Amino acid sequence: MLSRRRRQQVHFRKEREKAQKKDAPCHLGESELGEYIDKLLAKRIVEIAEHYQAVSIVLPKLKDMREIRTSAIQAKAETKHLGNRHVQQLYIKEYNRQIHNWSYNRLQEGIKSKAAELRIGIEFEVQPNYGTLQEKARDLTFFAYQSRIHTIG
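Residue numbers for the sequence shown follow my numbering, beginning at 1293 and rising by one.
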């Protein structure tokens, strides 16, 4: 389903580009597939939290994430394409396009809504920008726990 969504996004992007080159209006609408995927993910995340009797779900704050990601991807582009500024810029542009195609806020709202139905709290914490995905998730929950302890105590 995710690969179908990606193919659909690529197709619509190409069609929009063609229409823009011809100065033609572009009335392509994306299907509800992205929204459906976000709903499925939100439902599953909350089901897992319920299964483990979690008091809350910790979501990463996106504050300063763009600046952190921009500097990280800039460094990656420079190491991958040494000295070729044009290719570096293309690499960064493509990476940013992929990142901005995903509606994190829509997923976040879905998680909040499903969690509220089961009275599971939602916490936000700054996500570390180091380590593997598992290490980031572990540290994110640890930081939220520490924040909760300092707030209570």
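Built from N, CA and C at the ideal position, the CB exists for glycine as well. These figures come from a predicted structure and were not determined experimentally.
Problem - Distance CB(A1346)-CB(I1412) smaller than 8 Å - result: yes
Exercise for the section: Would you tell me roughly how many angstroms separate the C-alpha atoms of K1368 and K1404, rounded to the nearest one? Expected result: 34 Å
Practice task
Could you please give me the residues that DSSP links to L1351 through a beta bridge?
Solution key: F1416
Handout entry: C-beta atoms of Y1387 and I1365 nearer than 8 Å
Key = yes
Exercise for the section: Classify N1397 as helix, strand or coil using the three-state DSSP reduction. Expected result: helix
Exercise for the section: With a cut-off of 8 Å on the beta carbons, I'd call I1414 and S1363 a contact; round off their distance for me. Expected result: Contact flag wrong, Cβ pair sits at about 28 Å.
Problem - Distance between K1353 and Y1422 (C-alpha atoms, nearest Å) - result: 15 Å
Practice task
For V1379, collect the residues of the same chain with a Cβ closer than 7 Å to its Cβ; drop the 5 residues on either side in sequence, then sort them by chain order.
Solution key: H1373
Handout entry: Cβ neighbours of E1342 in the same chain (closer than 8 Å, five flanking residues each side left out)
Key = L1410 and I1412
Exercise for the section: Return the residue from the list K1406, A1407, A1408 and F1435 that minimises the CA-CA distance to P1420. Expected result: F1435
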